[in-house]
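Written below as structure tokens is the structure these notes are about.
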Amino acid sequence: MEQQKEIKQKKPRTSFYHNVLQLILVGSVTGVFAGAITTAFTLLAERGEELSQGAYAFIRANPAWIPLWLFTLFAGAFIIGVLVQISKIIKGCGIPQSEGATRGVLRFKWYRDATANFAACLVSIFMGLSIGAEGPSAFIGACVGDGVATTLRRNEMIKRYQITGGACTGLAVASNAPLTGIIFAFEEAHKRFTPEVFICSFSSVVFGMVVRYGIYLLLGLEIRNAFESYQFHTLAFNAYGYVVAAGLVCGLLGVAFQKGTFALRKLFQKIRIKRQKYVHFLQIFIAVAIGGALALFVPGVMGGGHSIIESIGTFGGTKEMQVESIFGASAVGVLFIVLIAKFLITGVNVASGIPCGIFIPIIAIGACLGGGLNGLWLRWGMNPQYCDLMVMICIAALFTSIVRAPLTAIVMICEFTGSFASLLPAVIGVAIGYIVGEIFRTDGMYEELLEIYEQESGIHERAVREVYAIAVAQGALAEKREVRDVLWPAGARVTEIHRGEEVILPDGDTVLRAGDMLTIVCRTDAPDKVKEDLVHILG
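Residues in the sequence shown are numbered consecutively from 0, following numbering that gives the first Met the number 0.
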């Protein structure tokens, strides 16, 4: 018979209101630091993208410099490989790792991981790879949240909330979309709505955005939106057929992107060298070579994709970036060329393990698809004034099909556009994109990547099964709350509740009461941290 570890509650009880105040205060500190650091990162990323575009334009005009360009790519790939060797958790896009940390599944060494990710992503952006700043910003923000909680000696539960707040702040600052950052906490990070998740995300995002605006004001910079070149009109009822068709196409492309990316990953995993522990260097070299070649011939593939998104709007021709002619192709042809190139290199980046962000590249792919489909819809009689709206619908539908986060997609579109004209069409497009994903039985891409990171980190192999017995104290955080609403340690499951003479087999709706004796089973590689967390929740 398995031995239970009875936990004695030596710590003083913490009231719900005291915990809320703590979350607000620590969340505010997290927001300030995460806002400052991720703002610095996004500004450097923007500058790096500008320098990269200038460098590639120079090389196209002066082919004699190609050998130096190749050497730069080689050196950059080597630097990224070294940084990945130092901090393996920075591989791939940063949002899955952030989600894993908020759930207590993955753990950061915050100072090392944040620095390595910061440097590696800037090097990648300077080399012209298809990388967005949003995913890395969420990762860096999560590390900052971890660092703040560690420095202030907060318990494991508060640390996870602060990691959540930092990740939300990083995403909100990088995308200039605070509501999207907050919704991300509910729908993606924790997959639940609780007062604590709202408080930590809201307080962090608000202070982070204030810091961002302050920095821009001090530097005399203008806060711009890639969708300023778009103009939206209310969609007529007879045009909703185009919305349905666009949703179907985007759903299918999203499924293809997900399956294609994981197929590429399997291909990269088959690469073998004599010293296999250094194989990631070769994988990164291959990805950088492909990305550099595409950036040289297809300018629109470079960076996250803000420029190409801006150029597709009605007033895109008046902006700095316009849809350039590639191989003499028409504007619609160029969009499909960029779409294919960005589709390929974004998948290669994730598959090879280059530290990157796919949040904005996915949006850029959706924008290119929307612009390309508009060429077809116009031939079929669609009113030209709906073109910009159709682009936004494609963005939302593709994002949903890949990430499986419909609420985030809808809020993101309304926030990006500053208009509710796109709300109903976006909801329809998102619903269709989501249904297509369900038909093909695809999970959210971030969820699948997180599972891969868990396997690669060896967490499952190190984990041991522990059984804890602990009573719910009067005034504990978990008292009078449903089991599903409590932020339990990762992998913990309440198997029995002894309430007086009664033995209850709980489900998510079971309400905990003071005096309940809980039997909790947890498979973990950190039993002491689980014990500490349970004392704080129930003691």
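Ideal Cβ positions, reconstructed from N, Cα and C, are used throughout, including at glycine.
Buried versus exposed, by CB contacts within 10 Å (16 or more), residue i
i	result
Ser351	buried
Gly336	This sequence places Ile at residue 336; Gly is not what is there. Burial call: buried.
Phe70	exposed
Leu334	buried
Gly53	exposed
Val463	exposed
Pro354	buried
Leu517	buried
Ser329	exposed
Gly140	buried
Ala188	buried
Arg223	exposed
Gly131	buried
Glu133	buried
DSSP three-state assignment for residue i, whether helix, strand or coil
i	result
Glu539	This structure cannot speak to residue 539, because the chain is shown only from 0 to 538.
Ala404	coil
Thr163	helix
Thr523	strand
Gly441	Here residue 441 is Thr; the residue named in the question, Gly, does not match the sequence. In the structure shown, Thr441 sits in coil (DSSP, three-state: anything other than H, G, I, E or B).
Glu221	coil
Val297	coil
Lys318	Note that Lys318 scores a pLDDT of 41, beneath 50, so its modelled location is shaky and nothing firm can be said.
Glu495	strand
Trp379	coil
Arg106	coil
His232	coil
Ala176	coil
Contact test: residue i Cβ vs the ligand ADP heavy atom, cutoff 7 Å
i	result
Gly30	The ligand ADP is not part of the structure shown, which contains no ligands of any sort.
DSSP beta-bridge partners of residue i
i	result
Arg264	Per DSSP, none; premise fails for Arg264.
Val510	Glu481
Val463	Thr523
Cys142	Cys142 pairs with nothing; no bridge assigned.
Cys386	According to DSSP, which records beta bridges pairwise, Cys386 is partnered with nothing at all.
Cys355	Cys92
C-alpha distance - residue i paired with residue j, whole-angstrom precision
i	j	result
Val426	Pro488	35 Å
Asn18	Leu533	15 Å
Val278	Ala76	13 Å
Ser129	Phe358	11 Å
Ala56	Phe73	19 Å
Gly457	Asp112	18 Å
Ile593	Phe125	Nothing can be reported for residue 593: it is not among the residues displayed for the chain, which extend from 0 to 538.
Met208	Phe415	15 Å
Ala60	Ile270	36 Å
Gln321	Ser306	Confidence is the limiting factor: at Gln321 the pLDDT is only 49, short of 50, which leaves the residue's position unreliable, though a coordinate-based value still follows. Going by the C-alpha atoms only, they are around 8 Å apart.
Leu372	Cys386	9 Å
Ala255	Ala35	37 Å
Leu252	Leu537	47 Å
Ile361	Gly302	12 Å
Pro95	Arg46	26 Å
Asp515	Gly144	33 Å
Ala491	Leu20	26 Å
Gly332	Pro62	26 Å
Between the segment 98 to 113 and the segment 273 to 292, do three or more beta carbon pairs fall short of 8 Å?
Inter-segment contact for the segment 98 to 113 and the segment 273 to 292 is absent: fewer than three beta-carbon pairs are separated by less than 8 Å.
Counting pairs of Cβ atoms below 8 Å between the segment 441 to 451 and the segment 213 to 224, do you hit three or more?
Contact fails: fewer than three Cβ-Cβ distances are below 8 Å.
Give a yes or no on contact between the segment 340 to 348 and the segment 376 to 388, applying the rule of three or more CB pairs nearer than 8 Å.
These segments do not touch.
Count the CB pairs spanning the segment 25 to 35 and the segment 158 to 167 that are closer than 8 Å, and state whether there are at least three.
Taking one beta carbon from each stretch, the segment 25 to 35 and the segment 158 to 167 have 3 or more pairs nearer than 8 Å; the two touch.
Does the segment 172 to 188 come into contact with the segment 147 to 154, if we say contact requires no fewer than three beta-carbon pairs (one atom in each stretch) closer than 8 Å?
Contact fails: fewer than three Cβ-Cβ distances are below 8 Å.
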